[in-house]
Amino acid sequence: MAIIKKTYPVQGMSCSSCAASIQTFLSATEGVRTANVNLAGEEVLLEYDTEKISLEQIEKAVDGLGFKLITSGLTEDERQDMKSKRLRTLRTRTILAVSLSLPVFIIGMFFHHLAYRNWIMMALTLPVLVWSGREFYVIAFKRARHGQANMDTLVALGTGSAFLFSLFNTLFPEWLLRNGLEPHVYYEASAVIISFILLGRYFEERAKKRTSGAIRKLMGLQVKTARVIRNGVEKEMLISKIRVDDILVIRPGEKIPTDGRVTEGSGFVDESMITGESIPVEKGPGDAVIGATLNQTGSLKMVAEKVGSETMLAQIVRLVQEAQGSKAPIQKLADKISSWFVPIVITLAIITFFVWWIGYPESGLQYGFVTALAVLIIACPCALGLATPTALMVGLGRAAQMGILVRDAVSLEDLKNIHALVVDKTGTVSKGRPEVIAVIRDPEEEDRAGTDEAIAAIEDRSEHLFARAIVEKFPVSASGRGVVENFDSTTGKGVRASYRGNEYIIGSPAFTRELDCIVPPALTASEEISGQQPASIVYVARNRRVVAMILLADTIKPTSKHAISELKSMGIEVHMLTGDTAASASHMAKEAGIDFCQAEVSPAGKAAYLQKMKSEGKIVAMAGDGINDSPALALADVGIAMGQGTDIAIESAQVILIKGDLEKLVAAIRLSHATVRIIRQNLFWAFFYNVISIPVAAGILFPFTGFLLNPMIAGAAMAFSSVSVVSNSLRLRTIRLREKIA
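Listed below in structure tokens is the structure:
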């Protein structure tokens, strides 16, 4: 069984019922496992079994519904070109429609006695319907063949009826006159309604194009070419030609071509476009680099480790696309209503017509026609269909730009509902790697500078995790390299070496004592005090006398304390579970301000702890970065993985913090609140608009005020409602989250 999960563009969707019909049809098709249609993004996220159905069959099925599924492998630039071309075409049709509708409107409103008035208006209106508005009728016809209806059906019925009624009255005015009726024409209604709807759709398309800006910005980060060394020759080639294990050259001011590791050189790399961290990161031999980040200073050579779709940027783009195509629970109500909305509106329009016709015998036919037309036009469910997906697209896109990846819309909505957050210690609250927290010296040592130089040079040769931390504390000098002699490493204990005529032993207290090193009384006392704290001790002996004691510990991340304080201020309980010792866990919890802490917890124990919290009715999030965290991440209502964590932890999570910073989680929760608030605003105004406007369009105010809604005004109001929903969603791009980016 070959399962493919991919996003494909869809052309021709105009409202939520379009998206709903495609999704319902594809979901019921054999071989299609899931289908999520994103109206705002004009795309569908498909998961299908190639052994049961081919992509060509799916494409043909969608085409039969009146839409076009783009299955050819388009680049993001090609997709944007396609959207730009459609926008230009829509603009041309809109300009023509408005240009012809304006004289029709003027003649219809002010020149009632103009010679050949009706014939002139008919001639001007015909191109508006046949060319500018032809998509409404074509799609409505295709949908009717399948027994379905959508917004285009409403527009086609309304404007088509108005035009045909007017055409009949133009050709055969005597028939109405013989029956005592005035042969009114509604050419201006047909032309102006199509113009308003096209104008609204044009502005809507422009706004929707901005909602997908996050994907375009991410894709725009990709490097086009790279300098590659092959067979000893450096040459420039397209990024698509890069292979794993290629050696690449990056000069100052250039972007890193792909994911890999530095082999030569050093410099500062700006990773803000991927991680959201504004401070450049120093890179040297052995350090990992991310494709599309900017090398600010220094020349680097790197080996390519991931290329094409395997790079972090490609995975981020894919995750954002899939998330934007998913549906939040809050959207289910809108989808359900939209699927019934168009048939109900058509029924209401018919009822409106007959009520007027029967209730007002003298002019009921005219009033009934006008009100039925207004009901058809104003009740378009565009705003309802755009309410949720546009807000989700903007919200998820902004999250990605801040270094927060959310796998689906459900998780984005769930973030705002969490009652408790369970965090792992190492790599989540803490940095996850040892740092030198103190250096205690022998008071009688005379050559401290020489000792520091020796420590740096000797530890630079060691591969132990502590050695890297020590070298960060004691940077190795250029003169110190190559002077080390007789280097010998004992796994798990320490190292011995000669440096500038002196013998050095660097390792655990037990290792130095095994080699008969003398420990001064001052350091012995310090060891006893330090042993009561969660720190590892490394002794440095010079010529068999211990001259320094280095304390190393996993320290708290600079932002963890503030983030946990913010989470608690939101009413979220913070629990820490760790497999580490009780002393280490207690110290870290106290430093971070965490009230609930358990130490020496196994992976199964973490999962059981979460299960117990969930059984109490709490919505629980879990943040971790290790393989041991993956069962709990999968069990949590929202799993949150640190971006620098293991692959299995990342795969088990719904939210990924690329920089591994809990302050990003605070921002994500605030963004969740803001996004859901915008969605609710959109849905309220969309529902409110239809609840108020349909009775007004049907003429409910006429008996009291004599007011009837002009179909042209109805068209303008419908177009404005869609644009207002999209514009409200775009506020998420600039809304303040009060999160610390740097």
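Adding 492 to a residue's 1-based position in the sequence shown gives its number in this note's numbering. C-beta: ideal position from N, C-alpha, C; glycine also.
Would you mind stating whether isoleucine 1161 and leucine 907 have Cβ atoms separated by less than 8 Å?
Yes, these two residues count as a Cβ contact at 8 Å.
What are the complete alpha helix (DSSP H) segments, minimum 4 residues, inside the segment 514 to 559?
As far as the segment 514 to 559 is concerned, its whole alpha helix (DSSP H) runs of at least 4 residues are 547 to 556.
Am I right that leucine 691 and valine 720 are in contact with their C-beta atoms under 8 Å? What's the rounded C-beta distance?
Not quite, the Cβ-Cβ distance comes to about 51 Å (not below 8 Å), so this is no contact.
Would you kindly report the start and end of the unbroken alpha helix (DSSP H) that includes aspartate 906?
Under the DSSP assignment, aspartate 906 falls in the alpha helix (DSSP H) whose first and last residues are 901 to 907.
Is DSSP giving histidine 605 helix, strand or coil here?
The answer is coil: DSSP assigns histidine 605 none of H, G, I, E or B.
Taking the beta carbon of isoleucine 962 as the centre, do at least 16 other beta carbons fall within 10 Å, making it buried, or is it exposed?
So isoleucine 962 ends up on the buried side.
Where does proline 501 sit, in a helix, a strand or coil, going by DSSP?
Under the three-state reduction of DSSP, proline 501 is assigned to strand.
Quick one: is glutamate 854 buried, meaning 16 or more other Cβ sit within 10 Å of its Cβ, or exposed?
It counts as exposed.
Is DSSP giving alanine 989 helix, strand or coil here?
Of the three classes helix, strand and coil, the one that applies to alanine 989 here is strand, per DSSP.
Give the straight-line distance between the Cα atoms of lysine 497 and isoleucine 998, rounded to the nearest whole angstrom.
Distance between the alpha carbons of lysine 497 and isoleucine 998 is about 54 Å.
Classify tyrosine 500 as buried or exposed, calling it buried when 16 or more other Cβ atoms lie within 10 Å of its own Cβ.
Buried, since its Cβ has 16 or more Cβ neighbours within 10 Å.
Is proline 665 helix, strand or coil by DSSP?
If DSSP states are grouped into helix, strand and coil, proline 665 belongs with the helices.
Touch check for the segment 677 to 693 and the segment 579 to 592: three-plus C-beta pairs under 8 Å?
Counting Cβ pairs under 8 Å, three or more are found: they touch.
Bridge partners - valine 1090, DSSP secondary structure assignment
Note that residue 1090 is glutamine in the sequence shown, not valine. Leu1069, per the DSSP bridge assignment.
What's the C-alpha gap between valine 1168 and phenylalanine 602?
C-alpha separation (whole angstroms): 48 Å.
Out of Arg1005, Ser1216, Leu1127, Gly1109, which one is the CA nearest neighbour of alanine 1115?
With distances taken between Cα atoms, alanine 1115 lies closest to Leu1127.
Every unbroken beta strand (DSSP E) within the segment 714 to 775, with a cutoff of 3 residues, ordered by chain:
Correct list: 717 to 722, 725 to 730, 739 to 742, 751 to 757, 759 to 762, 773 to 775.
Chain B beta carbons: is any one of them nearer than 8 Å to that of threonine 617?
The displayed structure is made up of one protein chain only, and chain B is not part of it.
Less than 8 Å between the C-beta atoms of valine 1147 and valine 914, yes or no?
No, the Cβ-Cβ distance between valine 1147 and valine 914 is not below 8 Å.
What does the alpha-carbon distance come out to for the pair lysine 1110 and valine 867?
For lysine 1110 and valine 867, the distance between alpha carbons rounds to 46 Å.
Give me the Cβ distance between glycine 1135 and glycine 1152, rounded to the nearest whole Å; I'm assuming they're in contact under 8 Å.
In this structure glycine 1135 touches glycine 1152 by the C-beta definition: roughly 5 Å separates them, less than 8 Å.
Could you round the C-beta distance between alanine 780 and valine 736 to whole angstroms and report it? I think they count as a contact, below 8 Å.
Separation of the CB atoms of alanine 780 and valine 736 is rounded to 15 Å, and the pair is thereby denied contact status at 8 Å.
What's the C-alpha gap between glutamate 1155 and serine 624?
Each residue's Cα considered, the two are about 51 Å apart.
In whole angstroms, what separates the C-alpha of isoleucine 950 from that of proline 744?
Cα-Cα distance, rounded: 31 Å.
Run of the alpha helix (DSSP H) containing serine 981, from where it starts to where it stops:
From DSSP, serine 981 is part of no alpha helix (DSSP H) but of the beta strand (DSSP E) over 976 to 982.
Using the Cα positions of threonine 542 and valine 524, report the straight-line distance between them to the nearest angstrom.
C-alpha separation (whole angstroms): 9 Å.
Cβ neighbour criterion (16 or more within 10 Å) applied to histidine 604:
The residue in question, histidine 604, is exposed, as its Cβ has fewer than 16 Cβ neighbours within 10 Å.
Simplified DSSP assignment, three categories, for threonine 1051
DSSP places threonine 1051 in coil when its eight states are reduced to three.
With contact counted as at least three CB pairs below 8 Å, one residue from each stretch, are the segment 1094 to 1101 and the segment 1041 to 1052 in contact?
Because the criterion of three Cβ pairs below 8 Å is not met, the segment 1094 to 1101 and the segment 1041 to 1052 do not touch.
Tell me the residue span of the beta strand (DSSP E) that contains lysine 798.
Segment 792 to 798, the beta strand (DSSP E) holding lysine 798.
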